[in-house]
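Residue numbers (my numbering): 52 to 460. Built from N, CA and C at the ideal position, the CB exists for glycine as well. Take a look at the structure set out below.
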């Protein structure tokens with residue numbers, strides 16, 4: 052029986068890496084994470100106690116001197132993210148990020164030939180993106196940097212850009228909610244792409260969606276480059292269908308399920324049952340609000356009024372919605388503030404729980420006690436509808452409601 056191959060990922064900080072899960076579905080080899088300091092990289096590579104490695108920031112250039120040979124893609128790009136130890140012990144360096152970005156564009160149906168493309172950033176990801184765009188015929192390919200000739204202070208000169216790619220970490224967890232550029236500056240855009248994949252919808256992609264511009268995050272690129280690396284590690288071809296299925300599974304497993312609806316519509320109760328069925332953590336935004344304020348919700352209303360409550364609610368929502376794989380129960384009025392919509396949509400499937408108004412309790416709910424539920428629903432109904440990805444009827448059993456949500460997933 053052949054000895055199981057030893058593969059893995061080297062980088063400086065790897066706590067949230069999806070790579071082990073992805074490679075575990077691509078092939079049958081050991082895949083470990085190796086967090087290395089800069090001083091440890093050389094000795095680790097020289098020991099050669101591995102059969103194949105992926106390389107992530109900040110070591111994609113660091114590893115090049117340790118490779119005995121580079122593929123054409125790695126040599127032209129000047130960056131290595133995949134290393135294979137060949138039978139004679141020599142190391143071959145390749146760049147499968149290039150393969151991953153080509154897949155991303157192909158899957159999005161993006162035609163870049165002859166079109167002006169802007170690439171934000173100058174790091175390793177940027178160099179790879181530039182090479183792929185040029186090889187596909189994009190022209191010109193303009194790199195935007197902080198201090199170069201083309202920078203963030205003179206973006207107006209590129210209003211005719213058709214393609215925009217963010218190859219920087221701006222907007223990435225845990226500093227989500229910010230965009231590297233204002234898309235209003237680029238009225239001719241036909242495609243917006245972000246190599247970031249956590250959160251699923253960066254602020255840049257949320258803005259693209261609002262403008263009706265085709266867009267995609269970097270998750271498919273991550274899976275496609277892993278597939279290309281696995282083919283090197285395992286010495287056999289892997290069909291593209293693996294990329295689609297693994298990407299879809301990762302999206303299901305990492306996307307939050309956020310419950311919205313009128314006060315008392317059952318968000319906490321359904322959330323608890325849903326979290327138990329999926330073996331996920333339930334986070335109640337109201338509980339996070341109480342933690343932040345240091346007092347109960349009725350006390351917040353008495354002290355600061357609804358405006359003060361909504362400010363704390365937005366803060367709590369931004370914290371919770373950046374995380375992944377949760378079931379999130381929100382307050383009934385979360386949809387009344389437009390500023391909440393972007394954090395809600397960045398990483399969540401939003402489910403609107405519908406329940407007959409006659410069944411809604413009022414106890415402990417300041418707004419429900421002082422307002423007509425009929426009038427409140429009349430105002431909020433279009434807001435719930437605008438926010439929701441799907442609707443679940445919660446007039447029957449909790450089990451039936453959970454079943455509806457699982458089917459929607």
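Proximity of residue 224 and residue 366 at Cβ, strictly below 7 Å: no
Stretch pair the segment 141-148 + the segment 111-124: three plus CB contacts closer than 8 Å: yes
Touch test, the segment 94-109 against the segment 125-138, Cβ-Cβ under 8 Å, three pairs minimum: yes
Sub-7 Å separation of residue 456 and residue 402 beta-carbons: yes
CB of residue 105 within 7 Å of CB of residue 275, strictly: no
Residue 196 - partner residues in DSSP beta bridges: 202
Residue 441 - partner residues in DSSP beta bridges: 402
Euclidean distance between Cα positions of residue 26 and residue 226: Any property of residue 26 remains undetermined from this structure, which presents the chain solely from 52 to 460.
Cβ-based neighbour list, residue 152, same chain, cut-off 7 Å, excluding 5 preceding and 5 following: 179, 180, 183 and 272
Candidates 449, 406, 452 and 453, of which the one nearest residue 432 by Cα: 406
Alpha carbon of residue 201 to alpha carbon of residue 215, nearest angstrom: 14 Å
Proximity below 7 Å, CB of residue 222 to CB of residue 187: no
Residue nearest to residue 242 in terms of C-alpha spacing, selected from 157, 286 and 331: 157
Endpoints, beta strand (DSSP E) assigned at residue 216: 214-217
Alpha carbon of residue 164 to alpha carbon of residue 154, nearest angstrom: 15 Å
Cutoff 6 Å; reference residue 323; Cβ partners in own chain excluding five residues on either side: 333
Residue 69 versus residue 425 - alpha carbon distance: 46 Å
Reduced DSSP secondary structure (H/G/I, E/B, other) of residue 309: strand
Presumed contact (8 Å Cβ cut-off) between residue 208 and residue 460, rounded CB distance: Not confirmed; about 45 Å, so no contact.
Element boundaries [alpha helix (DSSP H), containing residue 274]: 270-285
Best match in 296, 195 and 123 for proximity to residue 74 [C-alpha to C-alpha]: 296
Rounded C-alpha distance that separates residue 468 from residue 400: Any question about residue 468 goes unanswered here, given that the chain covers just 52 to 460.
C-alpha gap between residue 317 and residue 84, whole angstroms: 41 Å
Which of helix, strand or coil DSSP assigns to residue 52: A caution first: residue 52 carries a pLDDT of 41, below 50, which makes its placement in the model unreliable, though a value can still be read off. Here residue 52 sits in coil by DSSP.
Residues that DSSP places opposite residue 105 in a beta bridge: 60 and 133
Run of the alpha helix (DSSP H) containing residue 95, from where it starts to where it stops: 89-98
Distance, residue 265 Cα to residue 393 Cα: 18 Å
Range of the contiguous beta strand (DSSP E) that encloses residue 244: 242-245
Burial state of residue 50, where buried means 16 or more other Cβ atoms lie within 10 Å: Residue 50 lies beyond the range of the chain shown here (52 to 460); nothing can be said about it.
Expected contact under 8 Å - CB spacing of residue 261 and residue 213 to nearest Å: Wrong, their Cβ atoms sit about 19 Å apart, outside the cutoff.
Residue range of the beta strand (DSSP E) that includes residue 81: 81-86
Exposure of residue 91, with buried meaning 16 or more beta-carbon neighbours within 10 Å: exposed
Endpoints, the alpha helix (DSSP H) within which residue 459 is located: 449-459
Three-way DSSP call (helix, strand, coil) for residue 68 in this model: coil
Residue 168, DSSP secondary structure in three states: strand
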